[in-house]
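Engineer:
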Amino acid sequence: MKLSVATLAAAATALLAATPVVADFHYGFPWGTFNAWAKTIDKKNVTWYHHWQDGYVKELKGLEYVPTFWGPTKMHEWHQRKKEIHDMHIEHILSFNEPDIKGQANIDPDTAVSLFMQELQPYALKGIKVSAPQMVWDMDWISKFMDKCHAAGCKISFMALHWYGGPDEIDSFKNWVKRIHDKFNLPIWMTEYGLTNKSNPSQKDVDRFMRETIEWMKSQPYVERAAWNGCFDVLNPPDSFLSPMNAYFADNGAATRLTASTWLAGLGNIFASNPSLKVVDNTPNTKGHKSQHKRLLM
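Letter by letter, the sequence shown follows residues -23 to -1, 1 to 275 of mature numbering (1 follows the signal peptide of the UniProt record, and there is no 0).
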C-alpha cells in the first residue's frame, strides 16, 4: 500500500505526540551508610548524592555532592557543611529535612523562613541553587512557608519532596508530585522515597514500584532528580518505618540483586564493572539477628 506524503507526515506527527517527554532526569543516592560500601555499586550513571546531616563522601568522588541544612537542632553539623561549601564547588543545597514531621526538623513556617534568610539566602544570592524545605505531606505548611518566604525575598530554585507509602499507591505518589508542581511551578527533586514497613512489600513489589515511578518521573519535564531511600543494608533499615526491602545492600555491604539494579534500570548492570561481586538475595532473615549498626539515616 502506497502512502501519500501527507499521510506519512500525519502519522509521524501522531507518533511524536504520543511519545512521552523525557526530562533531563538524574539518579542520585540519599547516602547514609558505611562509605566503603560505595565501592560495590557501579556509579557511572548516577550523577549526584546527598546526606541528611553528614558531609562529603570521598568514595563517591565524581558525583555531585549536595549538602543539606537539616534544621536548627543540627547546627553543629551545618557549620561543618558551611566549611565544605566554602572550600568546594557547590551548585545546590537542600534545606530542612522534613519540617512537617515530629522527630525530624519539626519547625513552623515562620521559624523556617527566618532560618532560610539567615543561613541559606546568602548562598542563593551567590548563585547556588537552594531548595524549598524537603516536605513529606503537609501542603498547608509548605504553602505558608512559600508565601512568607516570597514576602521576605527568599530565592528558592526548586522544590524538594519525600514520599513514603505502599506498593499500590503509585497514584498517591504522582498526585503529591503534581500538586506541588501545579501550586508552585518550580522544578521537582524527589530527594527521598520508598515503601513502608507497614505496607509489607515483597521484593517484586519494590522492583515494580521503582520501575513505574522512575519511568513516570522521567516522562515529566519538571522532575529533575530522584533518590530512592535504599542506602542501608537489608538487615538494618534506619528505623521500623522503612521497609527493609528498599535496601541497596546486603549486610556484608555487597550490592543486592534487585533493588539496586532496578534503581539503575537501563543504566547498566551494577556488576558489570566488578564481576567478582557476589549476587545476593535481598530477602531478609532477621531471626536471631540483632542490629549492631549505628543509626545513620534520618
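Just so it is clear, CB atoms sit at the ideal spot from N, CA and C, and this is done for glycine as well.
Less than 8 Å between the beta carbons of valine 90 and alanine 129, yes or no?
Structural biologist: Contact: yes.
Engineer: Using a Cβ-Cβ cutoff of less than 7 Å, which residues in the same chain neighbour lysine 51 once the five nearest sequence positions on both sides are dropped?
Structural biologist: The answer, listed in chain order, is Gln30.
Engineer: In the DSSP assignment, what are the bridge partners of glutamate 41?
Structural biologist: Looking at the DSSP assignment, glutamate 41 forms a beta bridge with Trp25.
Engineer: Does DSSP put glutamate 169 in a helix, in a strand, or in coil?
Structural biologist: Residue state, collapsed to three classes: strand.
Engineer: Which class does methionine 112 belong to by DSSP, given the choice of helix, strand or coil?
Structural biologist: Looking at methionine 112 - three-state DSSP - the assignment turns out to be strand.
Engineer: CA-CA distance, aspartate 228 and serine 220?
Structural biologist: Distance between the alpha carbons of aspartate 228 and serine 220: 15 Å.
Engineer: How do the stretch 107 to 122 and the stretch 152 to 164 stand: do at least 3 beta-carbon pairs fall below 8 Å, yes or no?
Structural biologist: The answer is yes - the stretch 152 to 164 touches the stretch 107 to 122, with three or more Cβ pairs under 8 Å.
Engineer: So is arginine 58 buried or exposed if we call it buried at 16+ other beta carbons inside 10 Å?
Structural biologist: Per the 10 Å Cβ criterion, buried.
Engineer: Note the first and the last residue of the continuous beta strand (DSSP E) segment covering alanine 204.
Structural biologist: Run containing alanine 204: 200 to 205, per the beta strand (DSSP E) assignment.
Engineer: Beta-carbon separation of histidine 28 and tryptophan 55 under 8 Å?
Structural biologist: It is not a contact, given that the beta carbons lie outside the stated cut-off.
Engineer: Among Met167, Leu172, Pro214, Asp85, which residue has its Cα nearest to the Cα of phenylalanine 6?
Structural biologist: Among Met167, Leu172, Pro214, Asp85, the Cα nearest to that of phenylalanine 6 belongs to Met167.
Engineer: Do you know offhand how far methionine 65's Cα is from lysine 125's?
Structural biologist: Their backbone Cα atoms lie some 31 Å apart in a straight line.
Engineer: Which term fits histidine 127, buried or exposed, when burial requires 16 or more other beta carbons within 10 angstroms of its beta carbon?
Structural biologist: Counting Cβ neighbours within 10 Å, histidine 127 comes out exposed, since fewer than 16 surround it.
Engineer: Identify which residue in Tyr33, Glu68, Asn206 has its Cα closest to the Cα of isoleucine 105.
Structural biologist: Nearest of Tyr33, Glu68, Asn206 to isoleucine 105, Cα basis: Glu68.
Engineer: Go ahead and pull the three-state DSSP assignment for valine 34.
Structural biologist: Looking at valine 34 - three-state DSSP - the assignment turns out to be coil, as it is neither helix nor strand.
Engineer: Excluding the 5 residues preceding and the 5 following isoleucine 157 in the sequence, name in chain order all residues of the same chain whose CB lies nearer than 7 Å to its CB.
Structural biologist: Met136, Leu138, Ile165.
Engineer: Could you spell out where the alpha helix (DSSP H) holding alanine 101 opens and where it closes?
Structural biologist: Element bounds for alanine 101: 98 to 102.
Engineer: Just tell me which of Gly32, Pro49, Met194 has its CA closest to the CA of valine 43.
Structural biologist: For the residues Gly32, Pro49, Met194, the minimum Cα distance to valine 43 belongs to Gly32.
Engineer: Alpha carbon to alpha carbon, how far is leucine 97 from lysine 103? Give it in angstroms, no decimals.
Structural biologist: Lysine 103 and leucine 97: Cα-Cα distance of roughly 10 Å.
Engineer: Please state whether DSSP places proline 7 in a helix, a strand or coil.
Structural biologist: Here proline 7 sits in strand by DSSP.
Engineer: In the structure shown, what three-state DSSP assignment does methionine 136 receive?
Structural biologist: Correct three-state label for methionine 136: strand.
Engineer: With DSSP as the reference, label histidine 66 as helix, strand or coil.
Structural biologist: Of the three classes helix, strand and coil, the one that applies to histidine 66 here is coil, per DSSP.
Engineer: When DSSP builds the beta bridges, which residues end up paired with leucine 71?
Structural biologist: Leucine 71 pairs with Thr45.
Engineer: At the level of alpha carbons, what is the spacing between asparagine 152 and glutamate 61?
Structural biologist: Going from the Cα of asparagine 152 to the Cα of glutamate 61 covers about 36 Å.
Engineer: Under the rule that 16 or more other beta-carbon atoms within 10 Å means buried, what is glutamine 81, buried or exposed?
Structural biologist: Buried is the call here.
Engineer: Within its chain, find whatever has a CB closer than 6 Å to the CB of methionine 143; leave out the 5 residues flanking it on each side and keep chain order.
Structural biologist: Residue identity differs from the one stated: residue 143 is glycine in this sequence, not methionine. Excluding positions up to five away in sequence, the list reads Ser176.
Engineer: Measure how close the beta-carbons of threonine 17 and alanine 204 come, nearest whole angstrom, since I'm counting them as under 8 Å.
Structural biologist: Threonine 17 to alanine 204, Cβ: 18 Å. No contact.
Engineer: Considering only the alpha carbon of each residue, which of Val200, Tyr100, Phe122 lies closest to histidine 63?
Structural biologist: Answer by Cα proximity: Tyr100.
Engineer: To the nearest angstrom, how far is it from the Cα of isoleucine 78 to the Cα of isoleucine 119?
Structural biologist: Computed Cα separation, rounded: 12 Å.
Engineer: Taking the DSSP output, what are the residues bridged to glycine 230?
Structural biologist: Partner(s): none; glycine 230 has no beta bridge.
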